[in-house]
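Chains A and B are the protein sequences, given in the same order.
When we follow my numbering, the leftmost residue of the first sequence carries the number 1, and every step to the right adds one.
When we follow my numbering, the leftmost residue of the second sequence carries the number 1001, and every step to the right adds one.
Protein chains: 2
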Amino acid sequence: MSRQRPPLTRREKVEVREQAILDAARDVFIEQGYDGARMAEIAHKAGIAEGTIYLYYRTKTVLMRAVVGAFWIRLTADAEAAVRPHDCPFEALQALARFHLQAVIERFDVIGLSQALPAKLDEPTALRGELRSYVSVFDQIFQRGRDRGLIRPNAALWMARDVFYGSLEYSARTLMQRGETYDADVVDNLVRLIRAHYAPGTVSPQAGPPDPADAPSLLIDRLEAVVTRLEQL
Amino acid sequence: MSRQRPPLTRREKVEVREQAILDAARDVFIEQGYDGARMAEIAHKAGIAEGTIYLYYRTKTVLMRAVVGAFWIRLTADAEAAVRPHDCPFEALQALARFHLQAVIERFDVIGLSQALPAKLDEPTALRGELRSYVSVFDQIFQRGRDRGLIRPNAALWMARDVFYGSLEYSARTLMQRGETYDADVVDNLVRLIRAHYAPGTVSPQAGPPDPADAPSLLIDRLEAVVTRLEQL
DNA sequence: TTCCGAGATGATTATGGCTCATAATCAGCA
DNA sequence: TGCTGATTATGAGCCATAATCATCTCGGAA
């Protein structure tokens, strides 16, 4: 519709080409898998010659890493959007769990590629950043819950995170194997599970019941310790 | 030491060769990954010609499937052995969790290959049986717990299973990324988590109104959490 | 108009999975 | 113990495809 001739600078042209390659590569990788995808087909779909790809991405593996990285960045934005409306941490957790389970099932192929990828690259730093960003959406919710006193303060955040993402990923796999799709019960079960274990006051059944008589003196001890720490900042 | 000439029948010779190929393939696949592994090297290590491999395994993918399948069968036997001594279901669960986390960390490479594999095979039946057997070690323990009334009778077994294996697998990944190894706390945390949620009678604190008596303690919990975050800045 | 060089091209090379014509081996038999 | 047909092993070569590189294109500066 824009009648005006697009004044493409050199830099812009490069970016357009780069995006075209990325788009074509995404389609072909998803459809054919890593090994099945042929660079010739990607080049053809992007409307360039085969050799040109290598001016933008040194190898096939690097190209797929770029595709998968872009995917995670997009997914992170979507997850944040899904979580934003919820103020209550547990509602946010529920929303994130729903989003993640849905995403893993829908985009199973791409996510599968992500896991196969790191082994291929020499630098173990591959994808780390993107994955870390995605996963930290959970961390922020968990932190908020802790600040509001809805979660035990001594809970190890990373363990909770592992349970959350690990369970959902595994559930997605088994759901798909069984030929089923998204299952709300899985999400509910997981959120209740985490809630039960990380709720404050709920003394974990491992340690013995605290002696009520100790309560006031213990509280004062802890209070003094915290004040001391504050003073030292 | 056996002076006697081993009377190898044709069938026995075939089995020996098959095992030699499997062993060589396992080593090379682990060392080089699927794509990095060259059939020529596997053949060389097995002491046979390249073409001979194809008399035993039709393709490279089929060969790796055999390697991975044998691995899971062995792992299942080991897991059962680790669990056997424990009569109490929760002790058994703890033992299984320890074993699994250890195994996933030690054999991360092979297990990673397993996940990359199914996508490569046309038949979706690939590996299903072996994985199902391995995973059912958990199921048996959970069932026993239910029979003895230690676990809510209405609990969905497969969801518990997903949480168990999913959490451990994901934990193993993050532990390794962090350069750490086996961590007993992860196992303890998970077992307590499952115990808290699946114990009978324990109504999950869905929306438990906070007991006013807990207020001071909760306040300090929150204070400690905030200070901890402040310190980490 | 000529010239330049960054950028694009695709024929060519290198690699590795897989095939197949041929050779080696073996059990059964006289 | 030699003969024989069937079974099993071999590795040079085929082919698909990732990656390379000599060559070409073309916008813009002189």
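Just so it is clear, CB atoms sit at the ideal spot from N, CA and C, and this is done for glycine as well.
Being a predicted model, the structure only gives us computed values, none of them experimental.
query: Three-state secondary structure (DSSP) of Ala155 (chain A); result: coil
query: Host alpha helix (DSSP H) of Asp188 (chain A) (start-end); result: Ala184 to Tyr198
query: CB contact below 7 Å: Gly1149 (chain B) versus chain A; result: no
query: Through-space distance from Leu1093 (chain B) to Val1137 (chain B), alpha-carbon basis; result: 10 Å
query: For Ser133 (chain A) and Arg38 (chain A), the rounded distance between their alpha carbons; result: 31 Å
query: Endpoints, alpha helix (DSSP H) assigned at Ala1037 (chain B); result: First-last for Ala1037 (chain B): undefined, no H or E at that position.
query: Cα-Cα separation, His1100 (chain B) to Ala1116 (chain B); result: 19 Å
query: Contact with chain B by Thr174 (chain A), beta-carbon distance below 7 Å; result: yes
query: CB contact flag (Gly166 (chain A), Tyr1170 (chain B), <7 Å); result: yes
query: Chain A contact for Met1039 (chain B) (CB, 7 Å cutoff); result: no
query: Length of the line joining the Cα atoms of Val16 (chain A) and Val1135 (chain B); result: 48 Å
query: First through last residue of the alpha helix (DSSP H) which encompasses Asp147 (chain A); result: Arg128 to Asp147
query: CA-to-CA distance, Leu150 (chain A) to Glu1080 (chain B), given in whole angstroms; result: 39 Å
query: Rounded straight-line distance, which links the Cα of Arg58 (chain A) to that of Ala40 (chain A); result: 15 Å
query: Coil, strand or helix - Thr59 (chain A) by DSSP; result: coil
query: Cβ contact check for the segment 72-79 of chain A and the segment 140-154 of chain A: 3 or more pairs under 8 Å; result: no
query: Below-7 Å beta-carbon distance, Gly166 (chain A) vs any chain B residue; result: yes
query: Candidates A:Phe90, A:Arg84, A:Asp27 and A:Ala24: closest to Arg192 (chain A) by CA position; result: A:Phe90
query: Spatial distance of Arg1148 (chain B) from Gly33 (chain A) (CA atoms); result: 47 Å
query: Cα-Cα separation between Arg195 (chain A) and Trp158 (chain A), rounded to whole angstroms; result: 15 Å
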